[in-house]
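In the numbering used here, the protein residues as written are 1 to 75.
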């Protein structure tokens, strides 16, 4: 069994679908779960392996250049 590392990401409600699908486009990189929406902010949970953590962080940091995105847990 592979140990996973959890990330929680907050993103504007209108960009939640986009961010979720960008991560899903990298098949096998992370398991994504849309938690819900609070005050117009979407919450997305990501489960990654130790081997994909750096790649996922790089993708998230690049996405921050396009959308308002905050990594709130797991960094």
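Beta carbons are placed, not taken as given, at the ideal position from N, Cα and C, and that holds for glycine. Treat the numbers as computed from the prediction; the structure is a model and nothing was measured.
DSSP places residue 13 in no alpha helix (DSSP H); its state is neither H nor E. A Cβ-Cβ contact shorter than 8 Å links residue 19 with residue 67. Residues of the same chain with a CB within less than 7 Å of the CB of residue 60, apart from the 5 flanking positions on each side, are 9, 69, 71 in chain order. Taken atom to atom, the span from the alpha-carbon of residue 11 to that of residue 26 is near 19 Å. The straight-line gap separating the alpha-carbon atoms of residue 15 and residue 24 is approximately 14 Å.
Rounded to the nearest whole angstrom, the C-alpha separation of residue 46 and residue 39 is 20 Å. With contacts defined by Cβ atoms closer than 8 Å, residue 29 and residue 4 do not form a contacting pair.
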